[in-house]
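Just below is one structure, and these are the notes that go with it.
In our numbering, the protein residues as written are 189 to 332.
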């Protein structure tokens, strides 16, 4: 293992690697050498494959009219069950997370004058979008 002090040799009967999903796979893949061309613990070439995650995003729709709502109604559109003919897996969901406040919006659009941020927040209907990256052998985390 390469550390700040240079190359270090670690010896143990059992090793536990807990560097997060992506970083654990990346570390194992980076360990590739002449003796283990696919990296430590990867003779099956599965390390870093079959990665799945929740992909999340926020979106705002704007109206010319002000949205005076304080407690916004909950709307939820889900397609977790059926997919479609070309993709038979769950597709995800879109929901209204609640009303965005100007102070929160300002952190996402830095540099925009506060009166403009307030005008945007006052006219927005906000969405939270989530979909899945399903486990697939081609979903591979590279050894960055």
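Glycine included, every Cβ here is placed at the ideal spot set by N, Cα and C.
Where residue i falls, given that 16 or more other Cβ within 10 Å makes a residue buried
| i | result |
| --- | --- |
| residue 324 | exposed |
| residue 288 | buried |
| residue 263 | exposed |
| residue 227 | buried |
| residue 252 | exposed |
| residue 293 | buried |
| residue 207 | exposed |
| residue 191 | exposed |
| residue 336 | Given that the chain is displayed from residue 189 to residue 332, the structure contains no residue 336 and the question cannot be resolved. |
| residue 236 | buried |
| residue 272 | exposed |
| residue 314 | buried |
Range of the contiguous beta strand (DSSP E) that encloses residue i
| i | result |
| --- | --- |
| residue 264 | 264 to 267 |
Residues bridged to residue i (per DSSP)
| i | result |
| --- | --- |
| residue 241 | 321 |
| residue 195 | 190 |
| residue 233 | Residue 233 is not bridged to any residue. |
| residue 282 | 265, 317 |
| residue 249 | 313 |
| residue 259 | Beta-bridge pairing links residue 259 to no other residue. |
First and last residue of the uninterrupted alpha helix (DSSP H) at residue i
| i | result |
| --- | --- |
| residue 212 | 209 to 218 |
| residue 296 | 290 to 296 |
For residue j and residue i, believed in contact at Cβ under 8 Å, the rounded distance
| i | j | result |
| --- | --- | --- |
| residue 216 | residue 200 | About 16 Å; that fails the 8 Å criterion. |
| residue 242 | residue 320 | 6 Å |
| residue 312 | residue 265 | Not confirmed; about 18 Å, so no contact. |
| residue 306 | residue 290 | 5 Å |
| residue 255 | residue 310 | 7 Å |
| residue 276 | residue 267 | 12 Å between Cβ atoms; not a contact. |
| residue 318 | residue 280 | 6 Å |
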